[in-house]
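First comes the structure, then the notes that go with it.
Protein chains: 2
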Amino acid sequence: MKFSISKQAFIDGLNLVTRAISTKTTIPILTGLKLDVLQNKVILTGSDADISIETTIKADDPDNMLAVESEGAIVLPARFFSDIVKKLPEKTLTIQTSENFQTEITSGQSSFTINGLDANNYPHLPEVQTNTSINLAADLFKQIISQTVIAVSNQESRPILTGVHFVISGNNLLAVATDSHRLSQRNVTLPDAVASDYDFVIPGKSLSELSKMIDDDQESVSLSVTQNQALFVVGDTLFYSRLLEGKYPDTSRLIPQEHDIELTFDSSDLLASIERASLLSHESRNNVIKLTIKSAEKKATIFGNSPDVGNVEEDLAPSKIEGNDLEISFNPDYMKDALRSFGQTTIKVDFTTALRPFTLMPTENSDSFIQLITPIRTF
Amino acid sequence: MKFSISKQAFIDGLNLVTRAISTKTTIPILTGLKLDVLQNKVILTGSDADISIETTIKADDPDNMLAVESEGAIVLPARFFSDIVKKLPEKTLTIQTSENFQTEITSGQSSFTINGLDANNYPHLPEVQTNTSINLAADLFKQIISQTVIAVSNQESRPILTGVHFVISGNNLLAVATDSHRLSQRNVTLPDAVASDYDFVIPGKSLSELSKMIDDDQESVSLSVTQNQALFVVGDTLFYSRLLEGKYPDTSRLIPQEHDIELTFDSSDLLASIERASLLSHESRNNVIKLTIKSAEKKATIFGNSPDVGNVEEDLAPSKIEGNDLEISFNPDYMKDALRSFGQTTIKVDFTTALRPFTLMPTENSDSFIQLITPIRTF
Chain A
1 MKFSISKQAF
11 IDGLNLVTRA
21 ISTKTTIPIL
31 TGLKLDVLQN
41 KVILTGSDAD
51 ISIETTIKAD
61 DPDNMLAVES
71 EGAIVLPARF
81 FSDIVKKLPE
91 KTLTIQTSEN
101 FQTEITSGQS
111 SFTINGLDAN
121 NYPHLPEVQT
131 NTSINLAADL
141 FKQIISQTVI
151 AVSNQESRPI
161 LTGVHFVISG
171 NNLLAVATDS
181 HRLSQRNVTL
191 PDAVASDYDF
201 VIPGKSLSEL
211 SKMIDDDQES
221 VSLSVTQNQA
231 LFVVGDTLFY
241 SRLLEGKYPD
251 TSRLIPQEHD
261 IELTFDSSDL
271 LASIERASLL
281 SHESRNNVIK
291 LTIKSAEKKA
301 TIFGNSPDVG
311 NVEEDLAPSK
321 IEGNDLEISF
331 NPDYMKDALR
341 SFGQTTIKVD
351 FTTALRPFTL
361 MPTENSDSFI
371 QLITPIRTF
Chain B
1001 MKFSISKQAF
1011 IDGLNLVTRA
1021 ISTKTTIPIL
1031 TGLKLDVLQN
1041 KVILTGSDAD
1051 ISIETTIKAD
1061 DPDNMLAVES
1071 EGAIVLPARF
1081 FSDIVKKLPE
1091 KTLTIQTSEN
1101 FQTEITSGQS
1111 SFTINGLDAN
1121 NYPHLPEVQT
1131 NTSINLAADL
1141 FKQIISQTVI
1151 AVSNQESRPI
1161 LTGVHFVISG
1171 NNLLAVATDS
1181 HRLSQRNVTL
1191 PDAVASDYDF
1201 VIPGKSLSEL
1211 SKMIDDDQES
1221 VSLSVTQNQA
1231 LFVVGDTLFY
1241 SRLLEGKYPD
1251 TSRLIPQEHD
1261 IELTFDSSDL
1271 LASIERASLL
1281 SHESRNNVIK
1291 LTIKSAEKKA
1301 TIFGNSPDVG
1311 NVEEDLAPSK
1321 IEGNDLEISF
1331 NPDYMKDALR
1341 SFGQTTIKVD
1351 FTTALRPFTL
1361 MPTENSDSFI
1371 QLITPIRTF
């Protein structure tokens, strides 16, 4: 195996696949990255068994300056090999393997020889048929991910809740996550109806990594799903994630259909107020802030308190207050996550009673996105 | 005590003095910052007993929007108070103390009440006479600090070596640091001769903090020294550091007066080569790289090696090689620190034998700055 390649193109590829490579794996060969050198392309692969990323650098793009002299495959220590490539002196580099998987990396006057591993021992990637795939607009898909992963559970006691539940039927895509204290649900209308229905749960961690991989110049992401794998195609890069096994709980019944109190806020203003109040609640053992609503006086006030440090009180400025009076307590960090996910917009917050979950929705297109938070009993 | 002030001016002051405040102090009141409110100014003080910083916000600068209603002093929890001020909603804030050192911070609709401490219990800052002070150009002084602190020891076994030794006599300033493996010495001619000679050692940590405080729009720094304290005046801010006790070793005899081999390099090119070689040496137990010089062939080559991972070899491109042949080994990290401190310039590296220290100097004005590195015996 011998080839020359543009340093920058190679670094871009390495940066993509090393996202999937963990130094903490129990399978030693997975700390390496695999290079497959074919006549007109180089394929880079990284995997941690949960996520696998494969990207292709093609000879037909002149920017890649790829010239393959002989084909072959090798597994190289990922972190160390990336560090070397990034420090090379010239704009191109040459990689050549010799006996015993020794690999020589040369660039200008600099010559590295490192020990590789037999690529035949690298695990095979899952096989996913891509003939029935769903196309998603890249920016919308990134938004769906960022709005739902915030509510994913990070506790392994109920593994299914560590993922985001996707239900695709007709031309509707529903994405839901809940850690049982809060829930986030996004509803999207697809441009085309899907041929068959889908119902699957992807680990939140996979989605976060995938999201980082989708940059602004990417227009669309294609998704294919099998029994236990999802495959996302982003440009010349394939992203595989295992699916979570088991049945996701029925979340539709959790969302209240009616409410007694409705407040309307600028999301950024409310976020700033909650952030101030949480400064105090974070100093206290139970991280709770209190909201009181006096509808007749059109007054909504938040309180944060820490016996050791002090307290904070702030009158909010809702553009609308309707309904009963209320005193309700909640975890300000759930509220901050929820508010950040809306961006700068006008939202309505709907309450029932002090012990029932309350919801946040955009005032426009309110069916498309809902955040639900369970209050905390303080009496 | 009651006053109003510009949030931004107050944050700038808080950012300055909180540099000196450690959460790990054994003196509880030093986790706080002291506010002294006088008729026409507010003084902020932070200290960790080694370093103290005091900055003044004056009413006569309209940007500060300072209005003092009543004088007084209070000590407030530094980190927490700073977090609150940074999150306040309006451009100004009001601070008012009441009974039992309770302090109210208001801005817009937001009102915080936090528990303060009696300012009478805050330690007094050292007294330093400033009538005989030395003026130093701010950018030059920052350069002296950055070029010497790299060689300061971080081992408490010989405390004196954790500081930078300053000797000021006539119109010459000499700054030296050594951790006994390497040495860095800077020599500067002052515009004016000093009235009396100075010889003192300032902790490297103090100098690093001080350097961060000096920003680009600062023209000069004034320095006053007593038996055990140094006081730097930077604009409206006073920076106190304790001095290290004891006699600094005589370093002048360590610097070789003659050499047998001389190489000239572009400092950035040599740095890049050393960085590549150190990738391998860092993977090995003894962090060493080897340099071989063959003067007749005009060839200088570096080698890095790690038995587990591989090796690297690179021909350097010195613009001049003169003298004997040599094979010498050294810690590449000392070399990298030294090379970075030169910036991009032409340097000469002078060797004697494989076991004698070698030196790096700029080719121009070579008396002003010298870096010395002790080689490592590998045979």
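Residue numbers (our numbering), protein chains in the order written: chain A, 1 to 379; chain B, 1001 to 1379. Even glycine gets a Cβ: it sits at the ideal position worked out from N, Cα and C. Values in this document were obtained by computation on a predicted structure and should not be read as measured data.
* Mind checking whether residue 1117 (chain B) and residue 1073 (chain B) have CB atoms under 8 Å apart? -> No. Outside cutoff.
* How would you list, in chain order, the residues of chain B whose beta-carbon sits under 8 Å from the beta-carbon of residue 287 (chain A)? -> What residue 287 (chain A) touches in chain B: nothing, since even the nearest Cβ is about 15 Å away.
* Opposing strand residues paired with residue 1171 (chain B) [DSSP bridges] -> Answer is none; residue 1171 (chain B) lacks a bridge partner.
* Any 3 or more C-beta pairs closer than 8 Å across the region 1309–1327 of chain B and the region 106–120 of chain A -> Contact between the region 1309–1327 of chain B and the region 106–120 of chain A is established, with three or more Cβ pairs separated by less than 8 Å.
* Are the beta-carbon atoms belonging to residue 1057 (chain B) and residue 1010 (chain B) less than 8 Å from one another? -> Taking 8 Å as the Cβ cut-off, residue 1057 (chain B) and residue 1010 (chain B) qualify as a contacting pair.
* For residue 126 (chain A) and residue 368 (chain A), the rounded distance between their alpha carbons -> Rounded to whole angstroms, residue 368 (chain A) and residue 126 (chain A) show a C-alpha spacing of 34 Å.
* Would you list the residues sitting across from residue 361 (chain A) in a DSSP beta bridge? => DSSP lists A:348 as the bridge partner or partners of residue 361 (chain A).
* To do: Kindly indicate which three-state DSSP category residue 1078 (chain B) falls into: helix, strand or coil?
  => Note: residue 1078 (chain B) maps to helix in three-state DSSP.
* residue 1279 (chain B) versus chain A: which residues are under 9 Å apart at the beta carbon? -> Ordered by position in chain A, the residues that pass the 9 Å Cβ test against residue 1279 (chain B) are 80, 83, 84, 87, 112.
* To do: Provide the residue span of the beta strand (DSSP E) that contains residue 1185 (chain B), from first to last.
  => That run of the beta strand (DSSP E) goes 1182–1189.
* Return no unless some Cβ of chain B is closer than 8 Å to the Cβ of residue 313 (chain A). => It does; some Cβ of chain B falls within 8 Å.
* **Three-state secondary structure (DSSP) of residue 1096 (chain B)** => Strand.
* To do: Work out the CA separation of residue 300 (chain A) and residue 292 (chain A) for me, nearest whole Å.
  => Straight-line Cα distance between these residues: approximately 6 Å.
* Inter-residue spacing [alpha-carbon to alpha-carbon] between residue 1169 (chain B) and residue 1192 (chain B) -> Those two C-alpha atoms are separated by around 11 Å.
* residue 1247 (chain B) classed as buried or exposed, judged by whether at least 16 other C-beta atoms fall within 10 angstroms -> A residue is called buried once 16 or more other Cβ atoms fall within 10 Å of its Cβ, and residue 1247 (chain B), having fewer, is exposed.
* Asked: What residues of chain A sit near residue 1077 (chain B), judged by a beta carbon separation below 8 Å?
  -> Simply 309.
* Determine, using beta-carbon pairs with one atom in the region 135–155 of chain A and one in the region 102–112 of chain A, whether at least three such pairs fall under 8 Å. => With a cut-off of 8 Å on Cβ pairs, the region 135–155 of chain A is not in contact with the region 102–112 of chain A, counting fewer than three such pairs.
* If you scan the region 1252–1295 of chain B from start to end, which runs of the beta strand (DSSP E) of 3 or more residues do you find wholly inside it? -> Restricting attention to beta strand (DSSP E) runs no shorter than 3 residues, the region 1252–1295 of chain B encloses them at 1261–1266, 1289–1294, ordered along the chain.
* To do: Please state whether DSSP places residue 1013 (chain B) in a helix, a strand or coil.
  => In this structure, residue 1013 (chain B) counts as helix in the three-state DSSP scheme.
* Can you name the residues of chain B whose CB is closer than 7 Å to the CB of residue 115 (chain A)? -> Those within 7 Å of residue 115 (chain A) in chain B are 1309, 1310.
* Can you find a C-beta in chain E that's less than 8 Å from the C-beta of residue 230 (chain A)? -> The structure shown contains no chain E; the protein chains it does contain are A and B.
* Nearest chain A C-beta to residue 1344 (chain B) closer than 8 Å, yes or no? -> So no, residue 1344 (chain B) is outside the interface.
* Any C-beta of chain A under 8 Å from that of residue 1272 (chain B) -> For residue 1272 (chain B), the closest Cβ of chain A is nearer than 8 Å.
* **Range covered by the beta strand (DSSP E) that runs through residue 6 (chain A)** => Element bounds for residue 6 (chain A): 2–6.
* From residue 176 (chain A) to residue 185 (chain A), what distance separates their C-alpha atoms? -> Residue 176 (chain A) and residue 185 (chain A) have their C-alpha atoms roughly 4 Å apart.
* Quick one: what's residue 165 (chain A) bridged to in DSSP? -> DSSP lists A:176, A:201 as partners of residue 165 (chain A).
* Asked: Which residues in the same chain have their Cβ closer than 6 Å to the Cβ of residue 342 (chain A), if we skip the five residues on either side of it in sequence?
  -> Contacts found: 267.
* Asked: Looking at the C-beta of residue 1283 (chain B), does it have a partner C-beta in chain A at a distance below 8 Å?
  -> Taking CB atoms only, residue 1283 (chain B) has a neighbour in chain A less than 8 Å away.
* **Helix, strand or coil at residue 380 (chain A) according to DSSP, with G and I counted as helix** => Given that chain A is displayed from residue 1 to residue 379, the structure contains no residue 380 (chain A) and the question cannot be resolved.
* To do: Count the other CB atoms, across all protein chains shown, that sit within 10 Å of the CB of residue 348 (chain A); report buried if there are 16 or more and exposed otherwise.
  => With at least 16 other beta carbons inside 10 angstroms of its own, residue 348 (chain A) counts as buried.
* **Status (buried if at least 16 other CB within 10 Å, exposed otherwise) for residue 1212 (chain B)** => Residue 1212 (chain B) counts as exposed, since fewer than 16 other C-beta atoms from the protein chains shown sit within 10 angstroms of its C-beta.
* Asked: What first and last residue would you give for the beta strand (DSSP E) that runs through residue 1114 (chain B)?
  -> That run of the beta strand (DSSP E) goes 1110–1115.
* **Counted within 10 angstroms of its Cβ, other Cβ atoms place residue 142 (chain A) as buried (16 or more) or exposed** => With 16 or more other Cβ atoms from the protein chains shown falling within 10 Å of its own Cβ, residue 142 (chain A) counts as buried.
* To do: Could you tell me whether the Cβ of residue 109 (chain A) comes closer than 8 Å to any Cβ of chain B?
  => Yes, contact with chain B.
* Mind checking whether the beta-carbon of residue 1357 (chain B) lies closer than 7 Å to any heavy atom of the ligand NAD? -> Ligands in the displayed structure: none, and consequently the ligand NAD is not present.
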